[in-house]
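2 protein chains.
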Amino acid sequence: MPKSVARLKDIAALTGFSVNTVSLALRESPRIPEETRTVILNAAAQMNYLPNQVAQSLVRRETRSIGLILTDLTNPVLTAVAQAIEVQLSKRGYTTLFATSNNTLSLEAQMIETIRARRADGLLIFPCSHRQLDHLRALRRRNYPVVLLVGDPDAGIDAVCMDERAGAFKGAAHLINNGHARIALVDGAATRGNTEKQDGFLNAHRQLGLAHDPRLMITPAGNSVAAGYWAMDDLVGRRLGVSAVFCSNDSLALGVLSYCTRNGLRVPEDIAIVGFDNIEFGEYAVTPLSTINYDVPRVTKLAIERVLDLIQCNGELPEARVTQVEPDLLVRESSNRRFRGG
Amino acid sequence: MPKSVARLKDIAALTGFSVNTVSLALRESPRIPEETRTVILNAAAQMNYLPNQVAQSLVRRETRSIGLILTDLTNPVLTAVAQAIEVQLSKRGYTTLFATSNNTLSLEAQMIETIRARRADGLLIFPCSHRQLDHLRALRRRNYPVVLLVGDPDAGIDAVCMDERAGAFKGAAHLINNGHARIALVDGAATRGNTEKQDGFLNAHRQLGLAHDPRLMITPAGNSVAAGYWAMDDLVGRRLGVSAVFCSNDSLALGVLSYCTRNGLRVPEDIAIVGFDNIEFGEYAVTPLSTINYDVPRVTKLAIERVLDLIQCNGELPEARVTQVEPDLLVRESSNRRFRGG
DNA sequence: ATACGCTGTATTAACGATAATACTATGGGC
DNA sequence: GCCCATAGTATTATCGTTAATACAGCGTAT
Numbered sequence: 003m004p005k006s007v008a009r010l011k012d013i014a015a016l017t018g019f020s021v022n023t024v025s026l027a028l029r030e031s032p033r034i035p036e037e038t039r040t041v042i043l044n045a046a047a048q049m050n051y052l053p054n055q056v057a058q059s060l061v062r063r064e065t066r067s068i069g070l071i072l073t074d075l076t077n078p079v080l081t082a083v084a085q086a087i088e089v090q091l092s093k094r095g096y097t098t099l100f101a102t103s104n105n106t107l108s109l110e111a112q113m114i115e116t117i118r119a120r121r122a123d124g125l126l127i128f129p130c131s132h133r134q135l136d137h138l139r140a141l142r143r144r145n146y147p148v149v150l151l152v153g154d155p156d157a158g159i160d161a162v163c164m165d166e167r168a169g170a171f172k173g174a175a176h177l178i179n180n181g182h183a184r185i186a187l188v189d190g191a192a193t194r195g196n197t198e199k200q201d202g203f204l205n206a207h208r209q210l211g212l213a214h215d216p217r218l219m220i221t222p223a224g225n226s227v228a229a230g231y232w233a234m235d236d237l238v239g240r241r242l243g244v245s246a247v248f249c250s251n252d253s254l255a256l257g258v259l260s261y262c263t264r265n266g267l268r269v270p271e272d273i274a275i276v277g278f279d280n281i282e283f284g285e286y287a288v289t290p291l292s293t294i295n296y297d298v299p300r301v302t303k304l305a306i307e308r309v310l311d312l313i314q315c316n317g318e319l320p321e322a323r324v325t326q327v328e329p330d331l332l333v334r335e336s337s338n339r340r341f342r343g344g
Numbered sequence: 003m004p005k006s007v008a009r010l011k012d013i014a015a016l017t018g019f020s021v022n023t024v025s026l027a028l029r030e031s032p033r034i035p036e037e038t039r040t041v042i043l044n045a046a047a048q049m050n051y052l053p054n055q056v057a058q059s060l061v062r063r064e065t066r067s068i069g070l071i072l073t074d075l076t077n078p079v080l081t082a083v084a085q086a087i088e089v090q091l092s093k094r095g096y097t098t099l100f101a102t103s104n105n106t107l108s109l110e111a112q113m114i115e116t117i118r119a120r121r122a123d124g125l126l127i128f129p130c131s132h133r134q135l136d137h138l139r140a141l142r143r144r145n146y147p148v149v150l151l152v153g154d155p156d157a158g159i160d161a162v163c164m165d166e167r168a169g170a171f172k173g174a175a176h177l178i179n180n181g182h183a184r185i186a187l188v189d190g191a192a193t194r195g196n197t198e199k200q201d202g203f204l205n206a207h208r209q210l211g212l213a214h215d216p217r218l219m220i221t222p223a224g225n226s227v228a229a230g231y232w233a234m235d236d237l238v239g240r241r242l243g244v245s246a247v248f249c250s251n252d253s254l255a256l257g258v259l260s261y262c263t264r265n266g267l268r269v270p271e272d273i274a275i276v277g278f279d280n281i282e283f284g285e286y287a288v289t290p291l292s293t294i295n296y297d298v299p300r301v302t303k304l305a306i307e308r309v310l311d312l313i314q315c316n317g318e319l320p321e322a323r324v325t326q327v328e329p330d331l332l333v334r335e336s337s338n339r340r341f342r343g344g
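If you read the protein sequences in the order shown, they are chains A and B. Quick note on numbering: the first sequence equals residues 3 to 344 in the numbering used here. Quick note on numbering: the second sequence equals residues 3 to 344 in the numbering used here.
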């Protein structure tokens, strides 16, 4: 903070009114006559006065800020979510306190402490584990408004998210219906205990009567394009007769696509690829990427409404509600062929 | 904020000590004997006490938060910068207050007010215009620590950034030295008055004795991949005999590349492409993208050090210093051929 | 025994705002 | 002329913390 910024006291000294009169005038109180207000407003403008929100927060017992904890920002769809949330909250007079957990539980806990210490009015979070939520449940029990951006209907915590299970089901079913019988799943989240996409993927196999070879589950080293590339390298090296690959996000899918084009595998003729999230880079790839759309505007809008609702409650929180947005499958060239034999 | 969180007063009531004693004990003051401290620490832990940073900020007259204003988050390199800054500041005990200006001067001004009102200790900003900086200069005159993340040596404001002029020079010179004589520039920033890259591009032409046809300057509709795609469509439609395209960022370059591959233009044989920023998607594109590297770790580290230094000054700020990081050219396949006639 | 210093704790005053309450003119009704 | 309502402004308490100062009790030097 710069050394001396104008305070109410300074305006009071300059105009000869009391601090309280100045405060009332600036807040347009009807008790202050027009003439007085004008004098005070002029003085305030001249001194470049801006109310100290720290002091306001203390006395009002609300900060008008919301914490947002993301796993990491390398996934473009997460940054899109982050920006959408920031923009919408800003319109409603809220500031966003960003933090990243780097997919680490201890860092996540630390970030939550930071946000609590700063007395953010509520918290939006992509938890790094969708199963270990005790620390978040504890927060909620103490009536802290928390909204998860991934969904576990049984978590006992409010959530607004894409229905990843349903999305993965659609993607896998699409490939199966196109005649693919050996479909690989490239998904790092499952090994961290976040199995929604894997569940949907396997469910599709079950429901459509196709057995799934567990050797076709690949765990990439991260969520980068490079990770997808090397995951495909690994997969091809195993010679398991794969004809389609389903990836848990588009970055991985673009890595897989890159591997294919550089190694003479035609997409979609030899290998079909479906990604997840619908990032712009997928649409403009050599072979436009089929994907499951992440409805950023809808999820962010609902999540913000939910957390603001919880804040309104001002005390005892209502029972937790989980809202899952049904995602659409976008079929593009990378998976738009029927597969006939290998 | 949840209704009742523990305060010093509550711990005092529980333990029978005064508020001040509790405060001192929690801050490890040597005046408090071990035995007392233990009692107080236990009570604090039991009550889940977390110091109220709002109150602390008020009395300490520093918030340990830094504002970060970005133009938008659709450019992956900006999100990388944002995350790097957040992570490093967090390690030093600072919180990051993000805001986006959406490349609008009025929104930028509004975000600055928000950050000032919240009494962030300093501000890091990608200003939407590199020329209209009066509002930022005014801030600095009032001793508010501001560091720009784009560079204007004459701005009179501290800055740490990539040397975009030098980067564009290298990119253009590389193309010219490869025998290209008709090089298009796809750069939306120039029309907004941010001409660093254009200047470097034109400078390379001048210094290497190549005239530049102003009709080869293309203004894309935004910074998206789609914008690059349609900019290239526009350019090709004009039939100006272009053999190389230099883009002001990799998203645009990937759009250009996409246009080329979908319209039978071979890259780099028919068209060479060079981008800017070095995002991962460029490296893994059909034709790996030549680009100018954005040294995220270095820029963010220096910028953070600078703003923290300015905060240390605690009063009169020293003379502004501008640090420009020299970017490297990364030649990949999209521009690694000598061009021989058209 | 007096003075002195130390240890452990409490009291009081900030920080910059808001909220509740209290005063002081002024004017109107009777 | 007196009472009362009202308009305009001031005073005081409060938010949760830290900082500065005060004070009580006790051991020790003189």
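Just so it is clear, CB atoms sit at the ideal spot from N, CA and C, and this is done for glycine as well. Note that this is a predicted model, so its numbers are computed, not measured.
Asked                                                                                                                          : Found
Segment limits, alpha helix (DSSP H) that includes Val-227 of chain A                                                          : 227-239
Buried versus exposed call for Val-61 of chain B [16 or more other C-beta atoms within 10 Å across all chains shown]           : exposed
Interface partners of Tyr-231 of chain B on chain A, CB under 7 Å                                                              : Tyr-286
Length of the line joining the Cα atoms of Lys-199 of chain B and Leu-187 of chain B                                           : 9 Å
Cβ shell of Leu-75 of chain A (< 6 Å), same chain only, five flanking positions each side left out                             : Thr-81
Distance between beta carbons of Ala-8 of chain A and Tyr-51 of chain A, contact taken as under 8 Å                            : 4 Å
3-residue-minimum beta strand (DSSP E) runs that sit fully inside the stretch 46-97 of chain A, ordered along the chain        : 67-72
Residues of the stretch 163-185 of chain B whose Cβ lies closer than 9 Å to any Cβ of chain A, in chain order                  : none
From B:Tyr-146, B:Leu-91 and B:Gly-173, residue whose alpha carbon lies closest to that of Val-333 of chain B                  : B:Gly-173
Buried versus exposed call for Ser-250 of chain B [16 or more other C-beta atoms within 10 Å across all chains shown]          : buried
Any alpha helix (DSSP H) of 4 or more consecutive residues that is wholly inside the stretch 129-205 of chain A                : 136-143 and 166-179
Anticipated Cβ contact below 8 Å, Ala-122 of chain A with Ser-67 of chain A, distance rounded                                  : 5 Å
Chain-ordered residues of the stretch 189-212 of chain A with a beta carbon less than 7 Å from chain B                         : none
Coil, strand or helix - Gly-224 of chain B by DSSP                                                                             : coil
DSSP three-state assignment for Arg-9 of chain B, whether helix, strand or coil                                                : coil
Boundaries of the beta strand (DSSP E) in which Phe-19 of chain A is found, first to last residue                              : From DSSP, Phe-19 of chain A is part of no beta strand (DSSP E); its letter is neither H nor E.
Residue burial classification, Glu-166 of chain B (beta-carbon count within 10 angstroms, cutoff 16)                           : buried
Pro-4 of chain A at chain B interface by Cβ criterion, 8 Å                                                                     : Because Pro-4 of chain A sits at a pLDDT of 47, beneath the cut-off of 50, its placement in the model cannot be relied upon, and the point is left open.
Touching by the beta-carbon criterion (3+ pairs, under 8 Å), the stretch 326-341 of chain B and the stretch 259-278 of chain B : yes
Gly-277 of chain A in three-state terms, based on DSSP                                                                         : coil
Helix, strand or coil at Thr-337 of chain B according to DSSP, with G and I counted as helix                                   : For the record, residue 337 of chain B in the displayed sequence is Ser; it is not Thr. Of the three classes helix, strand and coil, the one that applies to Ser-337 of chain B here is helix, per DSSP.
Cβ-based contacts, 7 Å cut-off: residues of the stretch 258-281 of chain A near chain B                                        : Ser-260 and Thr-263
Check whether Pro-129 of chain B and Leu-312 of chain B have beta carbons under 8 Å apart                                      : no
Top-ranked residue by Cα proximity to Ser-292 of chain B, from B:Leu-254, B:Arg-94 and B:Val-309                               : B:Leu-254
Beta-carbon gap between Thr-102 of chain A and Val-89 of chain B smaller than 8 Å                                              : yes
Three-state class that DSSP yields for Thr-106 of chain A in the structure shown                                               : coil
DSSP three-state assignment for Leu-218 of chain B, whether helix, strand or coil                                              : helix
Buried or exposed (CB count within 10 angstroms, at least 16 for buried), Gln-134 of chain A                                   : exposed
Coarse secondary structure for Asn-251 of chain B, derived from DSSP in three states                                           : coil
Under the three-state DSSP convention, the category Leu-28 of chain A falls into                                               : helix
Rounded straight-line distance, which links the Cα of Arg-300 of chain A to that of Pro-329 of chain A                         : 11 Å
Cross-strand partners of Gly-124 of chain A (DSSP beta bridge)                                                                 : A:Ile-68
Inter-residue spacing [alpha-carbon to alpha-carbon] between Arg-143 of chain B and Arg-323 of chain A                         : 50 Å
For Ala-111 of chain A: DSSP bridge partner residues                                                                           : Partner(s): none; Ala-111 of chain A has no beta bridge.
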